[in-house]
Structures are given as C-alpha cells and as structure tokens.
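Note sheet for the following structure.
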Amino acid sequence: MTCKPERKTSDGETGADDILENPAFRLVLRETALTLLEMHDIDPRVVRYVSSIQKWLITQAITGLHFERKLDAAAPPLTASALIAFFDNQNLMSRNTIVAHLAEMRRYGLVIDLGGSDRRSRPLRLSDYGEEMIGRWSTSHLSALDRLDGGTRVSAVIGNPQLLARVQALTVRSLVFDPRWSQPPLEADIFVCTESGSNILHELISRIPLKSSHDGFVPLGNFRASTVSKRHTLSRGHLQRVFNRAKDLGLLAWSQSENRGDLHVSERLIRSYEAWQAVKFRAIDDAYASAVLPE
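Here it is as structure tokens:
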C-alpha cells in the first residue's frame, strides 16, 4: 500500500460526532494508545500483524471470517480463497499480498491448519492465542467506550466469548468496507501506510498532554527516536523518514535541528487522528449494540 493523496470529507460525514465531541475522547485515545503499546511489549511479533493499515485490514478480516464460522457452522470456513473473496472489489491490496500475510500468520502459529491438500481451499482457524490477543484488542476498545459514557460493555462480554465474537465479527465487516477507516486521512496515513507506522503514531498519541496547544502545536517534551526504534525494532533511517515526511507537512516540529530536542505535534494531526479513530469507535459501539440484541 502506498501513501495516498489528501482526501477531504464533508462536515458531519463521519457519523461519529457524538464520540468525537465527547470532552473525554482525547484522554481515552491517549489511554488506548498506551494499552496498545503495552500489548506490543507483551508480544511484538503478534502486534506486527496490525502495525500498518494494510496489515491491520488483512488481520482483522482473518479474525472476522474465523468468528463468523465459529458462530455459525453454515458460514464458509476461513481459507485463502475466502480471504481473497472478502476483499473482492475493494482495491485495497493484491491477492499475493493477502495470501502471503495469511501464510506468515500460519507459520507463526496464529492461524492453525485444519487439513486439506489445496493451499487456497485448505480450512484454517485462528489459534487460541490469536483469539486471546484479538479479545484483548476488542475489550480494550469496549473499555474505552465505557469510560466515555459510563457504560457496562466490558462487564457484559467478560465470561461471554460468544458475545465478544459477535462484536468482533460485526466490527470487521463494518470497518474494512468503510473507506473513512480503510483509507485514512493524509495526516494519519503517512504514518500507518508504513511498516510499524501505527506503533509510531501510538507513541506520539500516548504522550499528548490534555492542556491547550500554543500556536497550533502541542508540546510532547523530549522525544528520543532511539528509544522508539529500539522498542519497535525499527531502523533509525526508517523512523527518520517517517518523521521527515510528517515534518515536511507541518505535522511535527523539533526544537533543534536533525529531529532533536523537544518535539511538538500539530493540532491538525491530533484532530485528524481523533476524527479517524472516532469512525472506529463508532463501528465498535454499533457492533456491540447489534450483538447484544436477542437473536
């Protein structure tokens, strides 16, 4: 996936205004970024499979197909062919990219082979550990929604794996096919279209103070690129290229030359990120509301 040109949307198009306008949303996003970074520290190799928007979409589609089959034996099983068909007409990535990603997850043991000789039609399932990790992701977002409105979503899904599976399956169908999510705004896309770009963005968002900005920029204090590159096993060159693209767009600014000293993040980047994330949280909230309805 290549970085895309800037996109514009009309006012009110997100359908997530209530979330975006919640005064606690910025704090909740910061806490969620911290939670996702903690998940990375637990198992960096697993989080790598959602560390760019392209990888996120494929991995989430795999979980969606897995849970749809688990909830309904009449649903098609997770196969390479089913995963390719899932993305038909979406023009998001090539078939080879989809198959290679699935094969890599299979080699790592996140996806388990259920038998069969045909590589494309061989049935697969998410491993128990894979289910556990995606369950943590879903629960962390439901917890964030609870903090926004005082809800009880997390308490409802604890001990109810079927409900959590329904929420995840519905969330995937909603988000993967929503261009407002799958095609991020430029300010976010220059990060998440790159390898481990989502992790880099989480590093920034997790440090954002809640106080007002000055001259359109929010101070993050001293930000050591070496610490970030070591934590996420990234080359300094890759990290600096991402930072330089953001700096050229006026999204990041350092107090010293060569990306040194105190880092400042533009309100433009933060607001764009918030609007994009609000789409995700709205989809998860709607998925939960549908999942709890009587069958």
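Using my numbering, the first residue of the sequence shown is number -14, and each one after it goes up by one.
All C-beta atoms in this analysis are idealised placements derived from N, C-alpha and C, irrespective of residue type, glycine included.
- Here P62 is buried. Its C-beta has 16 or more other C-beta atoms within 10 Å.
- By the beta-carbon neighbour count (other beta carbons within 10 angstroms, threshold 16), A85 is exposed.
- Assignment of beta-bridge partners to W239 by DSSP yields L248.
- When secondary structure is reduced to three states using DSSP, L254 falls in the helix class.
- For Q147 and S123, the gap between their C-alpha atoms comes out near 13 Å.
- A238 sits away from L224, with the two beta carbons spaced by 8 Å or more.
- Pairing L155 with L68, the inter-Cα distance amounts to about 16 Å.
- Runs of the beta strand (DSSP E) lying entirely within the segment 184 to 233, each at least 3 residues long, are 202 to 207 in chain order.
- Ranked by how close their Cα comes to the Cα of F10, the residues S159, R91, N184 and P194 have P194 in first place.
- Classified as exposed, P8 has fewer than 16 neighbouring CB atoms from the shown chains inside 10 Å of its CB.
- In the three-state reduction of the DSSP assignment, V96 falls in the strand class.
- In this structure, DSSP gives R110 an extended state, which the three-state scheme calls strand.
- In this structure the segment 107 to 120 does not touch the segment 234 to 250; the number of beta carbon pairs closer than 8 Å is below three.
- For G49, the enclosing alpha helix (DSSP H) begins and ends at I38 to L56.
- The Cβ atoms of A88 and F72 lie no closer than 8 Å to each other.
- Distance between I255 and G136, taken at the CA atoms: about 26 Å.
- Straight-line measurement puts the Cα of I190 at about 16 Å from the Cα of G201.
- Shown here for R151: same chain residues with a beta carbon closer than 7 Å to its own, the five before and five after excluded, namely L56 and A276 in chain order.
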